[in-house]
Amino acid sequence: MKLLSVIIGTGFGAGFWPWGPGTAGALLATLMWYGLSLVLSAEWLIAVTVCLVLLFYVAGVWSANTLRSDWGEDPSRVVVDEMVGVWISLLACPQQSIAYAAAAFVLFRFFDIVKPFGVRHMERIPHGHGVMMDDVLAGMYGFFLIYVFRFAVWPLCAS
2 MKLLSVIIGT GFGAGFWPWG PGTAGALLAT LMWYGLSLVL SAEWLIAVTV
52 CLVLLFYVAG VWSANTLRSD WGEDPSRVVV DEMVGVWISL LACPQQSIAY
102 AAAAFVLFRF FDIVKPFGVR HMERIPHGHG VMMDDVLAGM YGFFLIYVFR
152 FAVWPLCAS
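The sequence shown stops at residue 160 when you use the working numbering, and every number in between is there.
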């Protein structure tokens, strides 16, 4: 069980990347989403992404709680939270759009690093939920900005 928690928690090993493990985890999740966007319809892409968010949230809470005794409360090697957060931002993106996927990645990482408007407060939630929730909120901020740009700003610019 410990090996499974390491695999999940480190985002299939991305968390062992020595230079920015959180960025590596978010990038892996973005590439996974983009790959799915090439083979799934828009509706299925949304459904699968929502399922990934829910599944990896629960698995992330479990793995963070399991690894806490050996690695501490919120170690940088645990990047499943970054994967969930960026998938939330990607929910606002059209399928097969490299530009939107890149924007979701950058916006999520920005909010995850800067931690504005309550994101840092989410870290105070105890244990695994606290590990996950700051990235969930950062992902929601990215989702909101992309959604507003895509459906409110861009149509005005294009007309």
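Every residue gets a Cβ at the ideal spot worked out from N, C-alpha and C, and that includes glycine.
4 or more residues per run - each alpha helix (DSSP H) lying fully within the segment 95-124: 99-115 and 120-123
Would DSSP call threonine 11 helix, strand or coil? coil
Rounded to the nearest angstrom, what separates aspartate 75 and tyrosine 101 at their Cα positions? Taking the straight line joining both Cα atoms gives about 29 Å.
Cα separation between glutamine 97 and valine 59? Computed Cα separation, rounded: 27 Å.
Leaving out five residues before and five after valine 51 in sequence, what residues of the same chain have Cβ atoms less than 8 Å from its Cβ? Excluding residues within five positions, the ones whose Cβ falls inside 8 Å are Leu92.
Is the Cβ-Cβ distance between arginine 110 and threonine 11 less than 8 Å? With contacts defined as CB atoms closer than 8 Å, arginine 110 and threonine 11 fail to qualify as a contacting pair.
Exposed unless 16 or more other CB atoms sit within 10 angstroms - verdict on alanine 103: exposed
Determine the extent of the alpha helix (DSSP H) in which serine 22 is found, giving its start and end residues. Residue identity differs from the one stated: residue 22 is proline in this sequence, not serine. 22-40 is the span of the alpha helix (DSSP H), which, as asked, contains proline 22.
Residue burial classification, glycine 26 (beta-carbon count within 10 angstroms, cutoff 16): buried
Distance, Cα to Cα, isoleucine 147 vs isoleucine 8? Rounded to the nearest whole angstrom, the CA to CA distance from isoleucine 147 to isoleucine 8 is 30 Å.
For lysine 3, which of Trp63, Leu41 and Tyr35 has the nearest alpha-carbon? Residue Trp63 is the option with its Cα nearest to lysine 3.
Nonlocal neighbours in the same chain, by C-beta distance under 7 Å from aspartate 136, ignoring five residues either side: Asp82, Glu83, Val85, Gly86 and Asp113
For a test of the three-state rule: what should DSSP assign to arginine 69, helix, strand or coil? Of the three classes helix, strand and coil, the one that applies to arginine 69 here is helix, per DSSP.
Proline 156: first and last residue of the uninterrupted alpha helix (DSSP H) it sits in: Where proline 156 is concerned, the enclosing alpha helix (DSSP H) stretches over 155-159.
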